[in-house]
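Protein chains in written order, with this note's numbering: chain W, 355 to 691; chain Y, 355 to 691.
Cβ coordinates follow ideal geometry from the N, Cα and C atoms, glycine included.
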């Protein structure tokens, strides 16, 4: 039995791989009409979700997804040891207000659009380390709350460049457990913040591709695996152009991943939906992982995948003060069982 | 040897308690002139710290504190397995830009003003769980960046009520290690988000005292210890009125903590400095813990303390949309050795 972490490596592995015993996903109408629409548990008819603000709608989605994951695992909130959650809103209010309503001991995370995988990685470490039996992980994002916070007032209807992505409206949640039925998390690779000097908050693909390539290459080197060990290598929200750039960067590092490199942001919308570069946001990798990918594993269509969520680490303030945009990517290996 | 966590408890304990092998603190001029001024490693003469913005100054403080902690431990950044960091700024840009410059695998946290203790708790779990040998934990806050983000433009000079706190300008960092010399982290109690319906973002003491009392009572019940087991029980930034309220709430729960309940926010300024209710911000519990408290342990003046950092989980947006303010408190036991 190997030690869980060898000195100097970025990848940890789990001696008793934690089990994803339940997942839940809620998405907006646009996501429900996309190619993966059938794999989500609930589709909103109205992006306000009956609330007075988009922010309240986002929080409600996250809370419902988390409750659904808890119920599907046959649990009550008081049976869950920790809630790990985050979102894109300032001071992660969607997650914090959900934590208030659920009453589970709460660890707030901020990994930008990589937060779901930061949570899965940390949750698996808490369980395999012996500190928890059940961990709830969840994230949310909402097109309208993100657009007005990071870019322009939503009502202004600014024309978006073709390399811009579309923030996914949705929430995803999963219960990780020490024992149970479901796919298992076998490895996690925690990313470094990588900055190639890109500064355009519309062009997230170019910002995040170097971080994705860095984490994937590090994971493959640490585990001494080749890309074809995985049925799929799935990045979070690089979009069309970012995915191509990541493939090129990986080739420069000696890894040919072409045919098996997918991106949740590309998968979630069809070109006819005019999402430009693709989907983004915490919920993008969240709902595609907890919806489509887990279903693919359970159905036996794939045996294992390397999920690599990507996040851009900037704020409106850092952008206005002339900073470039660092990015991060966290990877998790999920295997069917 | 007990299991690290018993089912249903909020407290985890460490089989091989991780060691705080180094700490570093940087503070602003006001904090340097306070009663604990001599316990900090560096005092800024200028709150811009030679930078063009307060935000850049805050990020520089955090980076310097983290580098100082790494050097004092006799390490290089590449010897550190994970960096756990956060701050109060939208999308925690101080921590994320520091992570970019240090290049250490990075897990971004948001626990409001409780972030230092969220980091110490998680860092200790990652080490005791076998996933890391060295973890860097750090936080920052800055009066001017917090004031303009959460309340009013700093230049406006709004009159502050007497129950308002003063955000500490500073940064704190610590290296946790599997082995080495220094105080050890023996237990951690992760808090729940508690909301008593308070909605005034100036009155943080009233917001956070219920969360502090909840976590302290839970910790004492989980460990079956009485308050006098600890030389000090030190909350993060409740301030004068919040500390009194926490004492009252704990009495209602059956715990008399009076003489040993201190608050970092009360300790860091003298009444002559006119801080109103006291200090607050991520750096408040951060610098008092990594400065004064650790020095007290090392000097043998105290044997152990229960640190209980407190955080208010709100944003400008949630306040404007009429939400009340939930709060959280995370506790860590540190013992001299």
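Interface annotation, residue 636 (chain W): not in contact with chain Y, CB-CB separation never under 9 Å. The three-state reading of DSSP puts residue 584 (chain Y) in coil, since its state is none of H, G, I, E or B. Residue 562 (chain W) is outside the set of residues whose beta carbon lies under 9 Å from a beta carbon in chain Y.
Taking residue 442 (chain Y) as reference, the option from Y:596, Y:522 and Y:677 with the minimal CA-CA separation is Y:522.
For residue 573 (chain W), the three-state secondary structure derived from DSSP is helix.
Residue 426 (chain Y) and residue 536 (chain Y) have their alpha carbons spaced roughly 12 Å apart.
Contacts with chain Y (Cβ-Cβ distance below 8 Å) from the region 407-426 of chain W involve 407, 409 and 410, listed in chain order. Considering only beta carbons, the part of the region 459-474 of chain W lying closer than 8 Å to chain Y consists of 459, 460, 461, 462, 463, 464, 465, 466 and 472, in chain order. Counting only residues of its own chain and dropping the five nearest sequence neighbours on each side, residue 593 (chain Y) has a CB closer than 6 Å to the CB of 519, 559, 619, 631 and 632. The residues 385, 388, 390, 522, 633, 638 and 642, in chain order, have a CB closer than 7 Å to that of residue 622 (chain Y) in the same chain once the five nearest residues on each side in sequence are set aside. Contact between residue 464 (chain W) and residue 464 (chain Y) is confirmed by a C-beta separation of about 5 Å, below the 8 Å threshold. Chain order gives no chain Y residues near residue 617 (chain W), where near means a beta carbon separation below 9 Å; the closest approach is about 22 Å. If you draw a 10 Å sphere on the C-beta of residue 624 (chain Y), you find fewer than 16 other C-beta atoms in it, and that means exposed. In this structure, DSSP gives residue 400 (chain Y) a state outside helix and strand, which the three-state scheme calls coil. Neighbours of residue 457 (chain Y) in chain W, taken as residues at a C-beta separation under 8 Å, are given in chain order as 546 and 547. Among the bridge pairs identified by DSSP, residue 437 (chain Y) is matched with Y:460 and Y:490. The criterion of a C-beta distance shorter than 9 Å is satisfied by residue 372 (chain Y) and residue 478 (chain Y). Rounded to the nearest whole angstrom, the CA to CA distance from residue 451 (chain W) to residue 471 (chain Y) is 20 Å.
The beta carbon of residue 680 (chain W) sits closer than 6 Å to the beta carbons of 547, 549 and 667 from its chain, once the five residues preceding and following it are set aside; these are given in chain order. For residue 658 (chain W), the three-state secondary structure derived from DSSP is strand. Under the three-state reduction of DSSP, residue 477 (chain Y) is assigned to helix.
Contact between residue 468 (chain W) and residue 682 (chain W) holds, since their C-beta atoms are separated by about 6 Å, short of 8 Å. Sorting Y:395, Y:399 and Y:409 by C-alpha distance to the C-alpha of residue 422 (chain Y) places Y:395 at the top. Shown here is that no member of the region 565-576 of chain Y has a Cβ falling below 7 Å from a Cβ of chain W. Between the alpha carbons of residue 588 (chain Y) and residue 615 (chain Y) lies a distance of about 6 Å. Sequence-distant partners of residue 603 (chain W) (beyond 5 residues in either direction) whose C-beta falls short of 7 Å from its own C-beta, in its chain, are 563, 564 and 567. Contact residues of the region 530-543 of chain W toward chain Y are absent (C-beta to C-beta distance below 7 Å).
By alpha-carbon distance to residue 688 (chain W), the top candidate from W:656, W:544, W:412 and W:436 is W:656. Residues of chain Y whose Cβ lies closer than 7 Å to the Cβ of residue 366 (chain W) are, in chain order, 485.
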